[in-house]
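K.L.:
Residue numbers (our numbering): 1488 to 1735.
For glycine and all other residues, C-beta sits at the position ideal for the given N, C-alpha and C.
So that we are looking at the same thing, I have put the structure below in structure tokens.
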């Protein structure tokens, strides 16, 4: 069993994982750096320690906000391997599947929902002159993310693979959908508070904008059209709009 000091040492190194990204194995070097204190504590010098390190050599890529959970579960499994209650061969397959799953979950929830929501809120606050509100919101988000990372690390370390059941109950994908709906409302609010050249927002643009949004949703859902193509089309259309529409 890992001591608290070793666990905290691994958690502290977890924040440096993306500083050692490589194009071939992605987070491999950073993951080994984060696991090293635990491997050194669990195994004596010699063949077993080398085998433990080699088990984690290879391609690894997990979303940074989900990395503490991945690291905690990995350390829990490695502790079981060191105690003889789990075969070492099971660790590799579990970690490869787990890293991919957590990466997709982190991309959908954090990158696709939470961070855009924070960005839209800060822009709205800035346009309305509430700079301190944007600063306070950012500080609360940072504090919440740090608490989240610490919490999921120790939960994964304590419960191992069973922590995935708790993660499933959180339903982060469902929450991502709700936050994206909020983002759509905030985007409409952002258009309303944007300083336009006229006295108010040109509401006649709302009808074609809503039609374009509905068409994009249909094309994405029915025809499986990549969203990047729709994004490029939208940016191209904006490039042809009157540059004087928005006050510089």
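Rounded to whole angstroms, how far is the Cβ of residue 1607 from the Cβ of residue 1522, which I believe are closer than 8 Å?
P.N.:
As a working note, residue 1607 is residue 120 in the chain shown. As a working note, residue 1522 is residue 35 in the chain shown. At roughly 37 Å, the Cβ-Cβ gap does not stay under 8 Å, so residue 1607 and residue 1522 are not in contact.
K.L.:
DSSP three-state call for residue 1547: helix, strand or coil?
P.N.:
Within the chain shown, the letter at position 60 stands for residue 1547. Of the three classes helix, strand and coil, the one that applies to residue 1547 here is strand, per DSSP.
K.L.:
Kindly confirm or deny that the segment 1655–1664 and the segment 1571–1585 touch, where touching means at least three C-beta pairs closer than 8 Å.
P.N.:
These segments do not touch.
K.L.:
Cα separation between residue 1599 and residue 1619?
P.N.:
As a position in the chain shown, residue 1599 is number 112, starting the count at 1. As a position in the chain shown, residue 1619 is number 132, starting the count at 1. When rounded, the distance between both Cα atoms is 25 Å.
K.L.:
Which of the three DSSP states is assigned to residue 1507 in this structure?
P.N.:
For the purposes of this step, residue 1507 is identified with residue 20 of the chain shown, where counting begins at 1. In this structure, residue 1507 counts as helix in the three-state DSSP scheme.
K.L.:
Quick one: is residue 1623 buried, meaning 16 or more other Cβ sit within 10 Å of its Cβ, or exposed?
P.N.:
Here residue 1623 is taken as the residue at index 136 of the chain shown, counted from 1. When all chains shown are included, residue 1623 counts as exposed.
K.L.:
Could you compute how far the alpha carbon of residue 1653 sits from the alpha carbon of residue 1537?
P.N.:
As a first step, residue 1653 must be located in the chain shown, where it is residue number 166. As a first step, residue 1537 must be located in the chain shown, where it is residue number 50. Those two C-alpha atoms are separated by around 33 Å.
K.L.:
Count the other CB atoms within 10 Å of the CB of residue 1500; is the residue buried (16 or more) or exposed (fewer)?
P.N.:
The count along the chain shown starts at 1 and reaches residue 1500 at position 13. Result: buried.
K.L.:
Just the Cα atoms here: how many angstroms apart are residue 1734 and residue 1609?
P.N.:
For this step, residue 1734 is matched to residue 247 along the chain shown. For this step, residue 1609 is matched to residue 122 along the chain shown. With a pLDDT of 46 at residue 1734, under the threshold of 50, the predicted position of this residue should be treated as unreliable, though the coordinate-derived value follows. Distance between the alpha carbons of residue 1734 and residue 1609: 19 Å.
K.L.:
Given residue 1676, which residues of its chain have a CB within under 7 Å of its CB, disregarding the five upstream and five downstream residues?
P.N.:
Indexing the chain shown from 1 puts residue 1676 at position 189. Around residue 1676: 1611.
K.L.:
Here's the rule I'm using: 16 or more other beta-carbon atoms within 10 Å means buried, otherwise exposed. How should residue 1547 be labelled?
P.N.:
Translated into the one-based positions of the chain shown, residue 1547 becomes position 60. Per the 10 Å Cβ criterion, buried.
K.L.:
Put residue 1513 into one of helix, strand or coil per three-state DSSP.
P.N.:
To locate residue 1513, count along the chain shown from 1; it is residue 26. Three-state DSSP puts residue 1513 in a strand.
K.L.:
For residue 1669, would you say it is in contact with chain C, using Cβ-to-Cβ distances shorter than 9 Å as the test?
P.N.:
No chain C is part of this structure, which consists of one protein chain only.
K.L.:
Can you give me the C-alpha to C-alpha distance between residue 1592 and residue 1709, rounded to a whole angstrom?
P.N.:
For this step, residue 1592 is matched to residue 105 along the chain shown. For this step, residue 1709 is matched to residue 222 along the chain shown. The straight-line gap from Cα to Cα measures roughly 23 Å.
K.L.:
Can you check whether the CB of residue 1560 is closer than 9 Å to the CB of residue 1502?
P.N.:
Locating residue 1502 in the chain shown gives position 15, counting from the first residue. Locating residue 1560 in the chain shown gives position 73, counting from the first residue. Cβ atoms of residue 1502 and residue 1560: not closer than 9 Å.
K.L.:
For residue 1509, count the other beta carbons within 10 Å of its own beta carbon; 16 or more makes it buried, fewer makes it exposed. Which is it?
P.N.:
Mapped onto the chain shown, residue 1509 falls at position 22. It counts as exposed.
K.L.:
What ranges does the beta strand (DSSP E) occupy inside the segment 1524–1588, keeping only unbroken runs of at least 3 residues that lie completely in it?
P.N.:
Fully enclosed beta strand (DSSP E) runs of 3 or longer: not present.
K.L.:
Under a three-way DSSP split, which group does residue 1501 fall into?
P.N.:
Counting from one through the chain shown, the residue named residue 1501 turns up at place 14. Helix.
K.L.:
Does the distance from the C-beta atom of residue 1488 to that of residue 1566 stay below 9 Å?
P.N.:
Residue mapping note: residue 1488 aligns to position 1 of the chain shown, counting from 1. Residue mapping note: residue 1566 aligns to position 79 of the chain shown, counting from 1. For residue 1488 and residue 1566, yes; Cβs fall inside 9 Å.
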